[in-house]
Every structure is written in structure tokens, then in C-alpha cells.
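First up is the structure itself, then whatever we jot down about it.
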Amino acid sequence: MAFLLLLPFLPFVTSVLADQLSQEFDVLIKGGTVYDGTGAQARQADIALRGDRIIGVGEFGNAQAKSMIDATGLAVAPGFINMLSWSGESLIEDGRSRSEIQQGVTTEIMGEGNSMGPLNDAMKQRVVAEQSNIKYDIKWNTLSEYLRYLEERGVSANVASFLGATTVREYVIGLEDKQPTPEQLNQMRELVRQEMEAGALGIGSSLIYPPAFYAKTEELIELCKVAAKYHGKYISHIRNEGTRLLPALDELIRISREARIPAEIYHIKASGSANWSKLDEVLKRVEAARNEGLSITADMYTYPAAGTGLDACLPPWTADGGKPELFKRLRDPDTREKIAAEVRKPSNEWENWYIAAASPDRILLCDFKSEKLKPLTGKTLAQVAEMRGSDPVDTLMDLIAEDESRIGTVYFTMSEENLKKEIAQPWVSFGSDEASQAPEGPFLKSNPHPRAYGNFARVLGKYVREEKIISLAEAVRRLSGLPATNLGLDDRGFLQEGMFADVVVFDPETINDYATFEKPHQYATGMKHVFVNGVQVLRDGEHTNAKPGRAVWGPGKR
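Counting the sequence shown from 1 gives a position; this note's numbering is that position plus 150.
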């Protein structure tokens, strides 16, 4: 069975002990309905904080503290963990994680395929060249140095990261479609060892995208064998979420089995209406693997639309050698003709997002690099094709070549019924698959997927309060205790004495998401107070500008 640590609910602190400790309280959260992160039934209790820790959960009578929070009628829970954050760049621009904190997220987990380190000189040059709305200097080399850089610079939420399998591959092999030599594979193993000992959580992959697509299963198994020695985890945007969904799932299970490593499916889904019926078999196979003794889990976002690049409509061979080579191919008439033919034709060799969307009016353009094309933000591919008097496939190739970027895009490819099935699974946690945002500055130059502002509030509002798919106690477990346990974060994720004081206070009757695909820059409401490492970052629904977040390290750190 998957390893789900069943932590006992600690006995409540007695009033006698409360009197003894009261002089030492920094914060006392009084009278709330406490959901401790284990999934246990909620109960009325007070929460006492001192420094960066929870020092008591119980009845504290008339005890006083430097800061008193009246939580009467409110839910008190452990801080939420975003299992799939793309905040690597956005936190450099604004460390306050405003869209995340507003929903109660206190820890952001990065590293879906690409991580912010390690970087060699060639990779640094590429990253700088591809920067879009957010510009920054690269002042680190390794992943652990990057996380320390964020902590020193100041962030409101805690940060942690998987080591990107794509990043490791690019560091050693480059962006070409080729397989590693034995010597190169040893270099890749050594990079994994170094970053695992420096605190990476495990290996993260994103196998639909080149150059990750070029990696064979055996390469991933070898990297995961190293991570497993440090109690790391394998987490993957599997190779196909549509036509080849089941073989892609089988690949993840094989990696888990052969590398002897826990594995998680990033944003579990069945993409494309022709594939929606496959979800039941996905759930069946995951349960079978768990019954076999493998630790297989998943995370998800709570919207029936995916967000990725417009270049996901193109066959993977087009990116062999990197983005400059892609743009050259798109400008070559003969090669364009070949690309267009493959885009229009269903394939079992790669996941075609143009086909999955079924229509260009279900492909929404959200993020352009060039100022010239930014006015197209918020329009569908069908609308832009009509404006230009061009075929949709020609239009998407033209746009990518003109913008010289992937072009952030939303694809409406999923089923609401399947979302509810996924939410109902006890081994599914939640991730936004977005960067932290704020409705100001460079963030307003593009339209993020609304999950950036609403994913976690949507769990508690739409799916718990309104649709009652799962209970509030279970939702809190999936937002906190489950991901903390899966990641090996032994001192976070639960409201228990001795844990780090990541605590949220919210109104379960009013918490709600407001971001839409048309107007995504809208904060969720209903979150009242948020503490990160004992410091209040949200007070009465307003950000305090405090930045107490820390780099959080994996269990293999030495």
C-alpha cells in the first residue's frame, strides 16, 4: 500500500499546562474549528504558536498572547501545499506569492521537468534569451543555491523543488534528440546525487515536451535509482494524457517498480473527449499498483482546461536542437508543409494538443512575448485565424515563429465529470500548475490560467461546500497532510505540537474563487489569516508584506 503516515492526534493540552505556557505564546488562535490535516473529525480548539512552531493544540482558557486571533465560526487548518508550482521566476519578481497566500498556500513545490538549477553557461544564456515579461539576472548555479537565493531575497511562502529530468538532460546532452552515452549517463547520475544531497525532493519529468520526450524509460529509471537512495520521489507529467494515456501510465508504474521509488502523476487527467472514458481504467490501474505495494499518487487542478504552450500542437521533432531550430523550421516552406500535415493528423507517436482540443475555438491564447502580438491575448486561435484570413494550423505556426516563444495557451480538453472522479480519490492532492501572480506590474501583461488565483479556494468552495464531492476534513488532508507525507516533510502538514507553524484560518461558508478565463487576475476570498513559520502573512484577508518563507529540503539532504 502507498505509504500514508497515519499520525496520531496528540492529546489536547490541559488548562493547567496552558497557564504554564501562556507567558510564552506569540500567537493564540482562539475558538476555531480545527482540522488537523489527518482527515480526523474537526473539533473546537485553540492553537498556540511560539517562534516558528506550534507549541500547543487544546483549550487555553483565558490565556493571553502577543497576538490574539478570534477564530470563532472559522476553520483552522495546516497551511496548504501546492504540489505543482511554476513560481520559479515569478517569486524573483514578487516574493509575496499573493495569489497563493490569498488561498492559504504556505509551501510551493516546483520542478515539473525543468528546475531552476543546475545550470551551465549555455543554459544560462538560453534562459536569459527566452525571458518574457519577467527579467532577472541568474545569480546561482545549482538548484539548492537557487532556493537559498529565494530565501535570502525574501519570500512569503516556503519553497522546495524536484530536480528536473529535462534540466539534467540538457546540462549533459543538450537539446538534441539523442541518447546519452554511458559516460554521459554517469554524469547525469552524479548531478542527481549532488542535488539530492543538497535537498532536492526527487526527480520531476515532463515527458510530452522536447527534449524530455527524447528520453527513453531506461534513462529515467537510472536517474530515479539514484534519487531513491535518498528517499526521493519520482513525479511526472506523463508521456501522453490522451491517445496513449494508458501506456504512459504504465511507464510511470514501471519506473516506480524498477527504481523502487514512490511515484506521482502530475495533474491526472484524460485529455480530449475521445479519451475521457479511459479515466476509469487509469484509476483501476493505479489502485492495482497500490495494492501491489507501490506508492503511486497523483495531484490535479480543478478546471476542465489545461494550460501549456501553443507549441504543444507541434510534433516533438520540430524542437530538436532547441527553440532557434524550431523557428527556422517554421520559416522553411517545405518543412512547414510537413509540420502542418502532422499537426492535422492524429498520431499515436506523440500527444497532439491541436487534435485534443478538437476545434481552434477551444484554444485560447494567453501569453505572448512580443509587444506586437500582446493585443491578441485573450483571443482564440479561431478568432486570430479569422482576423488574419488564414488557416488555423498556418496561423499557429506563424504565431510561434513571429513571437519566438512557446506562447502560453489554454486548451479546453477535459470533462467536469472526470474532475469529480479525480477529486474523490483519497490519494490525489492538488497543484495549480501555475506561477504565483498579482494583479499588477508585469503580471498584467499576460492572462494566466485562472487556476493561478483559484485552484485551492475552488476545492473548498465549489467541490466541498457546494457539490460535496469530499468532506472538508478530507479536503484539508489532501491539501496539507497528504502532500507533506508524500514528500517526506516530517514537520509540516499537520496541526500538532512541534510542527512548523504554517497555519491558515478561513471561512468555509464564504471561501470562493473568482478568477475566470476571460478575467483571471481576481483574488479568491474567504481566507482570513495565514501564518508561515509563525509569522502572519495574511491578516483579515490582506497581505502583510511579510516574507518569512524558507527553503524546504528533501529527506536526503546532508
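Where a beta carbon is used, it is the ideal one built from N, C-alpha and C, also for glycine.
For clarity, every value in this text was computed on a predicted model and none was experimentally measured.
Would you mind listing the beta strand (DSSP E) stretches within the segment 634-699 that are 3+ residues and don't spill past its ends, in chain order?
-> 653-656, 677-682 and 685-689
Please name the residue, chosen from ILE288, LEU178, GLY254 and GLU258, that lies closest to ALA272 on a Cα-to-Cα basis.
-> Here the question's residue 272 lines up with position 122 in the sequence shown. When only C-alpha atoms are compared, the closest one is ILE288.
Under 8 Å Cβ to Cβ from ARG394, same chain only, skipping five residues before and after it: list those, please.
-> Numbered from its first residue, the sequence shown carries residue 394 at position 244. Contacts found: ASN498 and GLU501.
Quick one: Cα of CYS463 to Cα of ALA455, how far?
-> On the sequence shown, position 313 is the one that residue 463 refers to. On the sequence shown, position 305 is the one that residue 455 refers to. Cα-Cα distance, rounded: 15 Å.
DSSP three-state assignment for ASN232, whether helix, strand or coil | In the sequence shown, residue 232 corresponds to position 82, counting from 1. Strand.
Identified DSSP bridge partners for THR292 | Position 142 of the sequence shown holds residue 292. BP columns for THR292 are empty, so no partner.
Between the CA atoms of ASN683 and LYS216 - distance to the nearest angstrom = Counting from one through the sequence shown, the residue named residue 216 turns up at place 66. Counting from one through the sequence shown, the residue named residue 683 turns up at place 533. Looking at the two C-alpha atoms, the distance is approximately 16 Å.
Flag this pair as yes or no: are the beta carbons of THR417 and ASP461 separated by less than 8 Å?
-> Mapped onto the sequence shown, residue 417 falls at position 267. Mapped onto the sequence shown, residue 461 falls at position 311. The displayed chain sequence assigns His, not Thr, to residue 417. Taking 8 Å as the Cβ cut-off, HIS417 and ASP461 do not qualify as a contacting pair.
Can you give me the start and stop residues for the alpha helix (DSSP H) that CYS374 sits inside?
-> Locating residue 374 in the sequence shown gives position 224, where the first residue counts as 1. Counting along the chain, the alpha helix (DSSP H) containing CYS374 begins and ends at 367-378.
DSSP state of LEU569 mapped onto helix, strand, coil | The sequence position of residue 569 within the sequence shown is 419, counting from 1. In this structure, LEU569 counts as helix in the three-state DSSP scheme.
Give the range of the beta strand (DSSP E) segment to which ARG203 is assigned.
-> Position 53 of the sequence shown, counting from 1, holds the residue named residue 203. Run containing ARG203: 203-208, per the beta strand (DSSP E) assignment.
Do SER247 and GLY354 have their CB atoms nearer than 8 Å?
-> Here the question's residue 247 lines up with position 97 in the sequence shown. Here the question's residue 354 lines up with position 204 in the sequence shown. No. Outside cutoff.
What separation, rounded to the nearest whole angstrom, lies between the Cα atoms of GLY457 and THR563?
-> Numbered from 1 along the sequence shown, position 307 holds the residue referred to as residue 457. Numbered from 1 along the sequence shown, position 413 holds the residue referred to as residue 563. The alpha-carbon atoms of GLY457 and THR563 are separated by roughly 10 Å.
Proximity of PHE650 and MET677 at Cβ, strictly below 8 Å = Residue mapping note: residue 650 aligns to position 500 of the sequence shown, counting from 1. Residue mapping note: residue 677 aligns to position 527 of the sequence shown, counting from 1. Cβ distance not < 8 Å, so PHE650 and MET677 don't count as in contact.
Can GLU554 and PHE477 be called in contact, C-beta distance under 8 Å?
-> One-based indexing of the sequence shown puts residue 554 at position 404. One-based indexing of the sequence shown puts residue 477 at position 327. Yes, these two residues count as a Cβ contact at 8 Å.
Exposed or buried, which one is MET218 when buried takes at least 16 other CB atoms within 10 Å?
-> Position 68 of the sequence shown holds residue 218. Exposed.
Could you tell me the boundaries of the beta strand (DSSP E) in which LEU514 lies?
-> Mapped onto the sequence shown, residue 514 falls at position 364. That run of the beta strand (DSSP E) goes 513-517.
CA nearest to the CA of ILE371, picked from ARG410, GLY211, GLY304 and ALA221 = Position 221 of the sequence shown, counted from the start, is the residue given in the question as residue 371. For the residues ARG410, GLY211, GLY304 and ALA221, the minimum Cα distance to ILE371 belongs to ARG410.
Determine the DSSP secondary structure at PRO161, reduced to helix, strand or coil.
-> Locating residue 161 in the sequence shown gives position 11, counting from the first residue. Annotation note: pLDDT 41 at PRO161 (below 50); position unreliable, coordinate value reported separately. PRO161: coil per DSSP, three-state reduction.
Provide the residue(s) that pair with ASN308 in DSSP beta bridges, ordered along the chain.
-> Translated into the one-based positions of the sequence shown, residue 308 becomes position 158. Answer is THR257.
When GLY591, ASP220, VAL578 and VAL534 are compared against ILE620, the one with the closest alpha-carbon | Here residue 620 is taken as the residue at index 470 of the sequence shown, counted from 1. With distances taken between Cα atoms, ILE620 lies closest to VAL578.
If you run the structure through DSSP and keep just helix, strand and coil, what is ALA701?
-> Numbered from its first residue, the sequence shown carries residue 701 at position 551. Correct three-state label for ALA701: strand.
Does the distance from the CB of ARG700 to the CB of ASN232 come in under 8 Å?
-> The count along the sequence shown starts at 1 and reaches residue 700 at position 550. The count along the sequence shown starts at 1 and reaches residue 232 at position 82. No, these two residues do not count as a Cβ contact at 8 Å.
Going by DSSP, name the residue or residues bridged to GLN191.
-> Translated into the one-based positions of the sequence shown, residue 191 becomes position 41. Partner(s): none; GLN191 has no beta bridge.
Is it the case that the CB of THR545 approaches a heavy atom of the ligand HEM more closely than 7 Å?
-> Ligands in the displayed structure: none, and consequently the ligand HEM is not present.
SER520 beta carbon less than 8 Å from that of SER240 = Position 90 of the sequence shown, counted from the start, is the residue given in the question as residue 240. Position 370 of the sequence shown, counted from the start, is the residue given in the question as residue 520. Not a contact, by the Cβ cut-off of 8 Å.
With a 10 Å radius around its C-beta and 16 neighbouring C-beta atoms as the bar for buried, classify ALA574 as buried or exposed.
-> Counting from one through the sequence shown, the residue named residue 574 turns up at place 424. When all chains shown are included, ALA574 counts as exposed.
Rounded to whole angstroms, what's the CA-CA distance from PHE724 to THR666? Just pull it up for me.
-> It is not possible to answer for residue 724, since the shown part of the chain is limited to 151 through 708.
Assigned secondary structure, TYR453 (DSSP; H/G/I helix, E/B strand, else coil) | Position 303 of the sequence shown, counted from the start, is the residue given in the question as residue 453. If DSSP states are grouped into helix, strand and coil, TYR453 belongs with coil.
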